[in-house]
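**Student:** For reference, the structure I am asking about is given below.
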Amino acid sequence: METTVNTRIALLCTVLLCLCSSVLFSGTTGKIAGKVRDASTGQPLPGANIVLTNTTLGASSDGDGYYVILNIPPGEYVIVVSSVGYATVRIKVKVVVDLTTTQDIALSEQAIVTDAVVITAERTMIQVDRTNTAASIESDQIKAYPVQDIGELVQLQAGVVRDADGGFHIRGGRNYEITYMIDGVPVSDQFLRKGGSIVELDKGNIDFLQVISGTFNAEYGQSQSGIINIVSGSPKQHYAASATMYTGSYYTTGKTFLALNSFRPSNERNIEGSLSGPVPGVPSLGLYAFARFNKDNGFLFGQRLTVPQDAFPVAAYREWFQREFSNTSAAINNAIPIPDSLLTGDRAFVPMNGREKISFNAKLSYQLSQDIRTTYSIFTEDEKGSEYDDRYRYNPDGLPNVRHESFTHILNLNHVLADNLFYVVNVSYLKRISDRYLHENVIDSRYETVSPEVGRFAIGGTVLGKLFFRTEKLLTKADLTWQMNAHNMIKFGVEAAQHRLRYHEIMPEIVEQKLPPPPVGLSFAEYLAISRQRQNTLVLPTLTSSGETGYNDQFYDHQPIEMALYAQDKVELDELIINFGARFEYFDPDHVVLEKPEVSPAAGSVSLLSASPARRSKPTFQLSPRLGVAFPISDQGVIHVSYGHFRKLPPFEYMYQNSQFKVAGSNDSRYTVGNAELKPQTTSTYELGLQQQVSEDFGVDATLFYSDFRNLLGLEIVRQLGNVSSYLKRVNRDYGNNWGFTLAVKKRPSGLVSATLDYTMMVGNGNESDPNNIAIARGATSGGFIRESEKQVIPLDWDQRHSFNGTLTLSEPADWTVSCIGRFATGQPYTPQPILLDVNTKFKNTERKPLQWSVDINASKSLQLFGIATVLFVRVFNVFDVVNETSVHPETGQAGNDYRFPSVVEYEQTQLVGLFTLRDIDLHQDWYAPPRRIQLGVTFNY
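Taking the working numbering, the leading residue of the sequence shown gets 7, the next gets one more, and so forth.
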């Protein structure tokens, strides 16, 4: 195996060395282009010098007066234009990632040298060369908005939906179909089923955020529905520092959540700071650093009614009561009251979805020469907390702890070969370590082997088991950008990645003590003492006769390889812009597949590998064409059409699931095996859009789109020989589609006001929303054969038909700012459960949850405090404390109210033995969006 891995790495390096002729720092820079003319004659001026101030970037106009400056980070700049015999002109311009800022320049003749003429370029509200749908937010806007993280910024954009579990869906795609980019490097979590980014940048650490929806250029890979493109903070040419501190708390007057009816500022504490500027003594070396500590108790609290160690005495008491008072109604109805003496919790409120996070980012940028720049960045995170489980609401200490660590290193080399040619090489290393357990030793004596319940709540007990996984990725990207002439900009790129995935999940086995029960007639104290000698114990998963561990011990170590090539040409004519390209991708999963998957494990084994030969899995290849065309219809309007095929590998968590092919050898749908030969999931997207400037400050962006999803991840039943048993296997079989319309209206800052309004209408359908779901029917008798039910095209779980997002900012620069965000969305679907017992639901997702809305506000005041620029701020999220339901009971369509027949109400209340009410049982705190949240803080800027 070691030789194989080394061979694969050698192949990876060889391909890179052969193909390394490299791009634009993918999605992190833009360009300025235009023509220089004589103001009086209109004739082109060759040889004019165009320089970006405070940078090493510039160009000279050619014989036709044309110039182009490539490789410009996003932001606002001043270009200085000079030519012998003409007055120097200084023009303020703005550069956007991946787009061309067209700036034509007219120079006037002069006889006497005077001061340079300063011109503020007239900024259009449209981007003529944009051939897809993209929205961007700059650092000043990000700081002004009342948002907590990148997710809330993404959710503001048209076409983005957030599901009940907090996952993001762009234009109907599944949540893991989005690619996250930081500084031109993909940082998506390719392992976990929920997707997301390995690097969770704090909002104070973002210079630029771009959301690309639907279609995108060939330089972007491993994405089906959208790109989240982020440019992190960079070194400044002057010294700058800032520090922000705030405290906060959730606060609600409602009765949905525990422990939130008073404002406790200590529930959230945050301190963060940044430093930027040249390194003393090394003028060509710039430094940027950002650090943050955040401790947040969250909004989901439990109450320590019991502790884990109460489980065994409570279980023993119930057993003793049944033996000693078997003829009582309490024993007959299994409604045995629990003495208060056995519930030893202190009744304190305990945070159950809190977290403590430390993050750090540093970036060093060194200008080796006028044409060569190198940058090194490091991002680290250490987060610990817990995952809420409503079953443990009154036994919060029984839940496991969760910890995530991540380390990301990015080394970038940017080399300008000529005014119209440059390349970029990126080498990055990403590592993430995650674990989940209550006690590190899985057979620790503090684990409980019983977990009694009242209603649906655990009375003592612990969650057993331990999960550990570690993912690593070494990536090399090389890209070349060539402005071939005034009309063609060509990009070539190659990338290769070596992954390493290590996973171990272990569940201890419970061993029952084979001792006779205590005699009847004992007191409870005597019964408990004897019962402790009969208490079950935990042991590590035992070995089968063939030397294997059972299904409760899952582990693997795989090292898959990815490679990609792309080519992209952007043709810019006066009346037409064409973006066309193609991307080729290769994936070697480093695993095996069964040649006879229908066999049963050999005697004494639980693994299918014991009975079936295995062969090495085959690599997959894919070619994805991309095309976008823009047609300017006036100087204030442009239409674009685009089409493309977009592919993404399924999450590795699914691909390598149950990597040792362990099954029970029984007819049980719980046993699922992955599939190393899963095909990439595919989306075909069509888009038609219009950008129109309505007035000097107002612009409109409207888009029609359709997406077709194929080869989506699903499950199939594998029936084993003899038709005696079966298991489930991951396959590409699900499908769906999404169509809709988005409308984005933007008012850029003028006077005191800026605003945006986004509307989305979408319809998303498919045969299944969750790749873990399969409609299964059983035979009439218990244990009958499982078979798949008929598939139906139904609304997807995140099919949100209508949504509005709006922002409004009132600001007097350097004095005060008030910014608001409003959201409104219609309900997502759910599957109703008929109340009548003789009625069966035939289709899923036929009803809708309640609509959701909220308003957030950020208000700040700037002042000088002891000579330091200071900003006082207050942020309030969900200002009106709206109760938004994200999940509901299928009988009622409400989160806090389940249906019961009147005849069983009294019986079910009796079952709760006075500890809880039926409302406690019905109410799931985690079925609601967060209530009102208040933060008070201060920022110091130097």
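By construction, the Cβ of each residue, glycine as well, lies at the ideal position given by its N, Cα and C atoms.
Pull up the distance between the alpha-carbon of residue 947 and that of residue 818, whole angstroms please.
**Tutor:** The straight-line gap from Cα to Cα measures roughly 18 Å.
**Student:** Can you check which of these residues, 376, 362 and 435, is closest to residue 383 by C-alpha distance?
**Tutor:** Answer by Cα proximity: 435.
**Student:** Report all residues from its chain with a CB closer than 6 Å to the CB of residue 787; omit the five preceding and five following residues, and keep chain order.
**Tutor:** The pLDDT assigned to residue 787 is 44, lower than 50, so where the model puts this residue is not dependable, and the model offers no usable value.
**Student:** Do you know offhand how far residue 483's Cα is from residue 895's?
**Tutor:** Distance between the alpha carbons of residue 483 and residue 895: 49 Å.
**Student:** List the residues that DSSP assigns as beta-bridge partners of residue 735.
**Tutor:** The partner list for residue 735 (beta bridge, DSSP) reads 679 and 722.
**Student:** Determine the burial state of residue 68: buried for a count of at least 16 other Cβ atoms within 10 Å of its Cβ, exposed for fewer.
**Tutor:** Residue 68 should be labelled buried.
**Student:** What do you reckon, are the CB atoms on residue 239 and residue 186 nearer than 7 Å?
**Tutor:** Cβ distance not < 7 Å, so residue 239 and residue 186 don't count as in contact.
**Student:** Taking the straight line between their C-alpha atoms, what separation do you get for residue 443 and residue 583?
**Tutor:** Spanning the two alpha carbons is a distance of roughly 55 Å.
**Student:** How is the beta strand (DSSP E) around residue 589 delimited, first residue to last?
**Tutor:** Here the beta strand (DSSP E) through residue 589 covers 583 to 594.
**Student:** Quick one: grab the DSSP three-state call for residue 47.
**Tutor:** Coil, per DSSP.
**Student:** For residue 569, name the three-state secondary structure that DSSP assigns.
**Tutor:** Three-state DSSP puts residue 569 in a strand.
**Student:** With a threshold of 16 other CB atoms inside 10 Å of the CB of residue 448, please say whether the residue is buried or exposed.
**Tutor:** Label assigned to residue 448: buried.
**Student:** Which runs of the alpha helix (DSSP H) spanning at least 4 residues fall entirely within the region 476 to 533, listed in chain order?
**Tutor:** Fully enclosed alpha helix (DSSP H) runs of 4 or longer: not present.
**Student:** Please determine, among 937, 691, 945 and 774, the residue with the shortest C-alpha to C-alpha distance to residue 304.
**Tutor:** When each option's Cα is compared against that of residue 304, the closest is 937.
**Student:** Mind checking residue 46: buried by the 16 CB within 10 Å criterion, or exposed?
**Tutor:** Answer is exposed; the Cβ neighbour count stays below 16.
**Student:** Is residue 245 helix, strand or coil when you go by DSSP?
**Tutor:** If DSSP states are grouped into helix, strand and coil, residue 245 belongs with coil.
**Student:** Going by the CB atoms, is the gap between residue 247 and residue 207 shorter than 7 Å?
**Tutor:** No.
**Student:** For residue 924, does the three-state DSSP call read helix, strand or coil?
**Tutor:** Helix.
**Student:** Out of 514, 636 and 566, which one is the CA nearest neighbour of residue 655?
**Tutor:** It is 566 whose Cα lies nearest to the Cα of residue 655.
**Student:** Distance, Cα to Cα, residue 145 vs residue 926?
**Tutor:** Each residue's alpha carbon lies about 44 Å from the other.
**Student:** Buried or exposed: where does residue 211 fall if 16 or more other Cβ atoms within 10 Å of its Cβ makes it buried?
**Tutor:** With 16 or more Cβ atoms within 10 Å of its Cβ, residue 211 is classed as buried.
**Student:** If I measure Cβ to Cβ from residue 65 and keep anything under 7 Å in the same chain, skipping five residues before and after, which residues do I get?
**Tutor:** Counting only Cβ-Cβ distances below 7 Å, and skipping sequence neighbours, we find 56, 73, 74, 75 and 425.
**Student:** How do the region 793 to 810 and the region 819 to 834 stand: do at least 3 beta-carbon pairs fall below 8 Å, yes or no?
**Tutor:** The region 793 to 810 vs the region 819 to 834: in contact.
**Student:** For residue 342, I'd like the list of residues in its chain whose CB is within less than 8 Å of its CB, leaving aside the five on either flank, ordered along the chain.
**Tutor:** Cβ within range, chain order: 323, 324, 327, 328, 336 and 919.
**Student:** In the DSSP assignment, find the beta strand (DSSP E) that holds residue 186 and state where it starts and stops.
**Tutor:** Its beta strand (DSSP E) spans residues 184 to 188.
**Student:** When you compare each of 86, 234 and 180 to residue 158 by their alpha carbons, which one comes out closest?
**Tutor:** It is 234 whose Cα lies nearest to the Cα of residue 158.
**Student:** Could you check if residue 923 is buried or exposed, using at least 16 other CB atoms within 10 Å of its CB as the buried criterion?
**Tutor:** Under this definition residue 923 is an exposed residue.
**Student:** Which term fits residue 862, buried or exposed, when burial requires 16 or more other beta carbons within 10 angstroms of its beta carbon?
**Tutor:** Buried, by the Cβ-count rule.
**Student:** Since residue 378 contacts residue 189 with CB under 8 Å, what's their CB separation in whole angstroms?
**Tutor:** Not confirmed; about 18 Å, so no contact.
**Student:** For the beta strand (DSSP E) that contains residue 767, what are its first and last residues?
**Tutor:** Its beta strand (DSSP E) spans residues 759 to 772.
**Student:** Roughly how many angstroms separate the alpha carbons of residue 35 and residue 107, rounded to a whole number?
**Tutor:** Their backbone Cα atoms lie some 11 Å apart in a straight line.
**Student:** Compute the Euclidean distance between the alpha carbons of residue 876 and residue 942, then round it to the nearest angstrom.
**Tutor:** Rounded to the nearest angstrom, the two C-alpha atoms are 14 Å apart.
**Student:** Do residue 825 and residue 802 have their C-beta atoms within less than 7 Å of each other?
**Tutor:** Result no, Cβ atoms of residue 825 and residue 802 do not sit closer than 7 Å.
**Student:** Taking C-alpha atoms, which residue in 756, 652 and 547 lies nearest to residue 815?
**Tutor:** Checking every option, the nearest Cα to that of residue 815 belongs to 756.
**Student:** Taking the continuous alpha helix (DSSP H) assigned at residue 159, which residues delimit it?
**Tutor:** Start and end: 156 to 161.
**Student:** Based on DSSP bridge pairs, tell me the residues matched to residue 716.
**Tutor:** Answer by DSSP bridge pairing, in chain order: 688.
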